[in-house]
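J.:
Residue numbers (my numbering), protein chains in the order written: chain S, 1 to 323; chain Y, 1 to 323.
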């Protein structure tokens, strides 16, 4: 059991990362209105959120700028149009995917940028490329995290080897990403344990990014908190790919540091997310449970959702047949 | 951490209780079609569910039979119309509320009934009345549980005293009922621990009935499993009062006993619950998070839902003003 005194107290090392624009952008191809983004920024300030992830630094060679909203690319001027020089306690993050980011060119020096944190996203088999991106970003002055995606599909021994590589880089935080929403809290506890061991060895932090395929994104996030993870991803109203993420309103309700305030989150949801929910679709549904249960990428479930199918059992048969 | 070998194995003492008609009945005043109830019964048989709760044994003196569907009253003939003599492995349960059931008269001898289990629901302050109902039902030949509601509002010392009273009755299982959906898994672990101590002392089982106000009904249920609880309530598609309950489809996906089969649950949801969702409203929403967070009865949130209000922040102000 978690230590009782800790349940009443808080760790000042906790960092809450708002990933609404980035993971939510996967739902609407990053077409957020300027008003929405500005209001989200203001809300994060009021709510005491530590980092706001604006989106991806995606390669304009690989991705057509006419087919995505601007937060797929997170150009310096677009962020500054929202934040100005961001003379606030809220830090600004972007995600850079291994193989999908021209980081040498597109990530400028931090001294010239309003961005504070580069989050390098990688699968377990491209850790050296991730390490190179981390070295590049750190050399340019940024804080960095390494977000290891699809962790439920990675072998324990591979994870340990990966963390030993990453431990020798300047990365600030090892991130557990349960992309498939496949892990139960009791399993996640072991993953966090493995990450915490490496983090202790190399002086790093551990973070958690959960998906809600089995209605466990919040539960897994607070399980990880209890196990020692400090960096916590959340999105407003769970907005995120497929079944969505850990809800910011749940997380800030749980955290006991008085710097976090849940009321502005409620206001933002009422003013913006209710409408967003009417326009786009995300969140727990049977098709996402199925891919989570089978530890599969949610892409088939997302397609099922897009096609507005409700023949869940037929879908399940398709999934099982693929296995 | 939970013992690793247990995560791969299963406990044969686990009992899954389908509470869809009973807790779901609180959403639609127990007006389920005969076809729905029959199909649910057949599904529970196929899915390997252990108990099916048909509804309440409510007093016809206190409640107007014209204002509720028949599962508010669970008359013998109504159950038999669905189950016949129920010559199956699926046991039949009904709930009897302290103060709302004419149990001396309405609960007949088990030898004359198709019902197997009487679940006595009580608040912490009416334990002697619950004990009397348990004695009555046990003397008539039934299995019994005692479901202690609103556990998040009960003092630990009161719970211990209550379990000492109940321990001396023939009750089979002490049930933790998180009516307000207020508990986090790390808190629930302590409640289960307290219940397990008394259960060990008196030779009883422990059960869990969770609500989804903070998207934790499933997480709390599997937390309780890991802590030793054996009797697990779930409902199809989370159907239940307010934010609903632990979803049967999540629970059976989690449990590893091969006797449980999740596919029939998917079929039932596709064929019946999708339509049910269109006709009635339940499930996680911000108003339920708010009452859960404030450890309040969900009645105000249910009223908010009925009135189709979306002024969440105004509602939050009302709740906080009440405190």
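Here a beta-carbon is modelled for each residue, glycine too, at the ideal position from N, C-alpha and C.
(1) Buried or exposed for residue 248 of chain Y, going by 16 or more other Cβ atoms inside 10 Å?
(2) How many whole angstroms separate the CB atoms of residue 113 of chain S and residue 76 of chain S, which I take to be in contact at a CB cut-off of 8 Å?
(3) Could you check the C-alpha separation between residue 204 of chain Y and residue 233 of chain S for me, to the nearest Å?
(4) Going by alpha carbons, who is nearest to residue 195 of chain S out of S/216, S/155, S/182 and S/17?
(5) Excluding the five sequence neighbours on either side, which residues of its own chain have a C-beta within less than 7 Å of the C-beta of residue 46 of chain Y, listed in chain order?
(6) Mind listing which residues of the segment 286-304 of chain Y have their C-beta closer than 7 Å to chain S's C-betas, in chain order?
(7) Provide the residue(s) that pair with residue 207 of chain Y in DSSP beta bridges, ordered along the chain.
(8) Interface residues of chain S around residue 310 of chain Y at Cβ under 8 Å?
(9) Would you kindly report the start and end of the unbroken alpha helix (DSSP H) that includes residue 133 of chain Y?
(10) Could you say if the segment 83-103 of chain S and the segment 113-122 of chain S meet the contact criterion of at least three C-beta pairs nearer than 8 Å?
(11) Which parts of the segment 231-289 of chain S are runs of the alpha helix (DSSP H), unbroken and 4 residues or longer, counting only runs that do not cross its ends?
(12) So, for residue 82 of chain S: in the same chain, excluding its five sequence neighbours on each side, which residues have a beta-carbon less than 7 Å away from its beta-carbon?
(13) Can you give me the C-alpha to C-alpha distance between residue 162 of chain Y and residue 151 of chain Y, rounded to a whole angstrom?
(14) If contacts are defined as beta-carbon pairs under 8 Å, then residue 148 of chain Y and residue 175 of chain Y qualify, I think. What distance do you get, rounded to the angstrom?
(15) Anything in the segment 180-206 of chain S with a Cβ closer than 8 Å to a Cβ of chain Y? List those residues in chain order, please.
(16) Using only the alpha-carbon positions, how far apart do residue 52 of chain S and residue 43 of chain S sit?
(17) Closest to residue 268 of chain Y by CA distance: which of S/313, S/231, S/245 and S/24 is it?
(18) Given a threshold of 16 other Cβ atoms within 10 Å of its Cβ, counted over all protein chains shown, does residue 320 of chain S qualify as buried or as exposed?
(19) At least one CB of chain Y closer than 7 Å to the CB of residue 313 of chain S: is that the case?
(20) Measuring straight from C-alpha to C-alpha, what distance separates residue 23 of chain S and residue 293 of chain Y?
(21) Could you compute how far the alpha carbon of residue 21 of chain Y sits from the alpha carbon of residue 254 of chain S?
(22) If you draw a straight line from the alpha carbon of residue 68 of chain Y to that of residue 54 of chain Y, how long is it in whole angstroms?
(23) Considering only residues of the same chain and omitting the five flanking positions on each side of residue 246 of chain S, which have a CB-CB separation below 6 Å?
(24) Using beta-carbon positions only, say whether residue 27 of chain S and residue 280 of chain S come within less than 7 Å of one another.
(25) For the segment 243-270 of chain Y, enumerate the residues whose C-beta is nearer than 8 Å to any C-beta of chain S, in chain order.
(26) So residue 51 of chain S is in the beta strand (DSSP E); what residue range does that whole segment cover?
(27) Give a yes or no on whether 7 Å exceeds the smallest Cβ distance from residue 8 of chain Y to chain S.
(28) Would you verify that the beta carbon of residue 216 of chain Y is, or is not, closer than 7 Å to some beta carbon of chain S?
(29) In its own chain, which residues sit with a C-beta less than 7 Å from the C-beta of residue 172 of chain Y, not counting the 5 before and 5 after it?
(30) Going by the CB atoms, is the gap between residue 283 of chain Y and residue 244 of chain Y shorter than 7 Å?
(31) For residue 63 of chain Y, collect the residues of the same chain with a Cβ closer than 7 Å to its Cβ; drop the 5 residues on either side in sequence, then sort them by chain order.
T.: According to the structure data:
(1) That one is buried.
(2) Here residue 113 of chain S really is in contact with residue 76 of chain S; their C-beta atoms are around 6 Å apart, less than 8 Å.
(3) Their backbone Cα atoms lie some 41 Å apart in a straight line.
(4) The option with the nearest alpha carbon to residue 195 of chain S is S/155.
(5) For residue 46 of chain Y, where only same-chain residues beyond five positions count, the Cβ hits under 7 Å are 261 and 264.
(6) Cβ contacts with chain S come from 286, 289 and 293.
(7) In the DSSP output, where bridge partners are listed per residue, residue 207 of chain Y has Y/175 and Y/231.
(8) Result: 270 and 274.
(9) Residue 133 of chain Y -> alpha helix (DSSP H) spans 127-139.
(10) Touching, per the Cβ criterion.
(11) Counting only runs of 4 or more, we get 248-254, 263-268 and 274-279.
(12) Take residue 82 of chain S, set aside five residues on each side of it, and the residues of its chain with a beta-carbon closer than 7 Å to its own are 37, 38 and 41, in chain order.
(13) Taking the straight line from one Cα to the other gives about 12 Å.
(14) The beta carbons of residue 148 of chain Y and residue 175 of chain Y sit about 6 Å from each other, so the pair counts as a contact at 8 Å.
(15) Listed by position, the residues of the segment 180-206 of chain S near chain Y (Cβ gap below 8 Å) are 184, 185, 186, 187, 189, 190 and 193.
(16) Here the alpha carbon of residue 52 of chain S sits roughly 10 Å from the alpha carbon of residue 43 of chain S.
(17) If we check each option's Cα against that of residue 268 of chain Y, S/313 comes out closest.
(18) It is exposed - the Cβ of residue 320 of chain S has fewer than 16 other Cβ atoms within 10 Å.
(19) So yes, residue 313 of chain S belongs to the interface.
(20) Put simply, the backbone Cα of residue 23 of chain S is about 26 Å away from that of residue 293 of chain Y.
(21) Here the C-alpha atom of residue 21 of chain Y lies approximately 32 Å from the C-alpha atom of residue 254 of chain S.
(22) The alpha-carbon atoms of residue 68 of chain Y and residue 54 of chain Y are separated by roughly 14 Å.
(23) Scanning its chain for C-beta atoms nearer than 6 Å, with the 5 sequence neighbours on each side dropped, one finds around residue 246 of chain S the residues 210, 217, 218, 221 and 234, in chain order.
(24) Contact flag set, yes.
(25) Of all residues in the segment 243-270 of chain Y, only 247, 249, 250, 253, 254, 262, 263, 266, 267, 269 and 270 place a beta-carbon less than 8 Å from a beta-carbon of chain S.
(26) Where residue 51 of chain S is concerned, the enclosing beta strand (DSSP E) stretches over 51-56.
(27) For residue 8 of chain Y, the answer is no, since every Cβ of chain S falls outside 7 Å of its Cβ.
(28) So, interface residue.
(29) Take residue 172 of chain Y, set aside five residues on each side of it, and the residues of its chain with a beta-carbon closer than 7 Å to its own are 143, 144, 145, 204 and 205, in chain order.
(30) In contact: residue 244 of chain Y and residue 283 of chain Y (Cβ atoms closer than 7 Å).
(31) Hits under 7 Å: 72.
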